[in-house]
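Shown next, in the form of C-alpha cells:
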C-alpha cells in the first residue's frame, strides 16, 4: 500500500511539472514594468601598450598579499615573449606572479574553454585556472585593445582556487590602472 501511494504521488508530481502554461506572463499586482535608471554606462578609457615597462606594473606593496616580492622582477621571455616575472615568497621557491602582453582576448577564450568571463575595472576579462604538479595557476587576461591583451598570472603551490583568485584580482586591477591611456 505504501509503495502504491509513493508511486501515485511521484507520478502526480512529475505530471504537474510537465504541463505547459498557455498565454503570456502578467506582472503581479503592484509590480509593473521595470524602467532602467537614467544613468549612462561608463565605457573604460582606451589603454596603450606602447613602451610599457611590464616590470613596473606591479610593486612590492601590491605583491605583499601574494607572499611578497623576493628578488628583482625580470623579463621572462621563456614564458611569454613580452613578460615580467615577480618571484614570490612565503611559499614554494618557484611561486611566481607574471605580467605579459598577450594575444587578442577572443583567441584566449578559444584556447581556454574552461575559463569564464569577468570584468576588471570595466574591461572584459577572461579568468582561467589550472593545476599542474601541485601548482595552481590562475590567469586574468584583460582586453585592453582589440588586437592585444594584458595577462596577469599567479602560480602558487598548494593553494585553493578561491584563495588564488582573491590574490589575482587586486594584482590585475593594479596592473591595469598603471597602463597609460591611449
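Numbering (mature numbering (1 follows the signal peptide of the UniProt record, and there is no 0)), first residue to last: -22 to -1, 1 to 160. For glycine and all other residues, C-beta sits at the position ideal for the given N, C-alpha and C. Fair warning: this is a prediction, and the values are worked out from it, not measured in the lab.
Check                                                                                               : Outcome
Nearest-angstrom Cβ-Cβ length linking residue 159 and residue 72, presumed shorter than 8 Å         : No, residue 159 and residue 72 are not in contact; Cβ-Cβ is about 35 Å, not under 8 Å.
For residue 173, the residue or residues it bridges with in DSSP                                    : What is shown of the chain runs -22 to 160, which leaves residue 173 out entirely.
Below-9 Å beta-carbon distance, residue 30 vs any chain D residue                                   : This model lacks chain D altogether; it includes just one protein chain.
Rounded C-alpha distance that separates residue 53 from residue 63                                  : 6 Å
Buried or exposed by the 16-neighbour rule on C-beta atoms within 10 Å, applied to residue 6        : Since pLDDT at residue 6 reaches only 43, below the 50 mark, its modelled position is unreliable, and no value is offered.
Nearest residue (CA-CA) to residue 127, options 103, 140, 46 and 55                                 : 103
Any 3 or more C-beta pairs closer than 8 Å across the segment 113 to 129 and the segment 148 to 159 : yes
CB contact flag (residue 70, residue 136, <9 Å)                                                     : yes
Residue 159, enclosing alpha helix (DSSP H) - first and last residue                                : Looking at the DSSP string, residue 159 is not in any alpha helix (DSSP H), and its letter there is neither H nor E.
Burial state of residue 61 (16 or more Cβ within 10 Å)                                              : buried
Cα-Cα separation, residue 81 to residue 125                                                         : 7 Å
For residue 57, three-class secondary structure by DSSP                                             : coil
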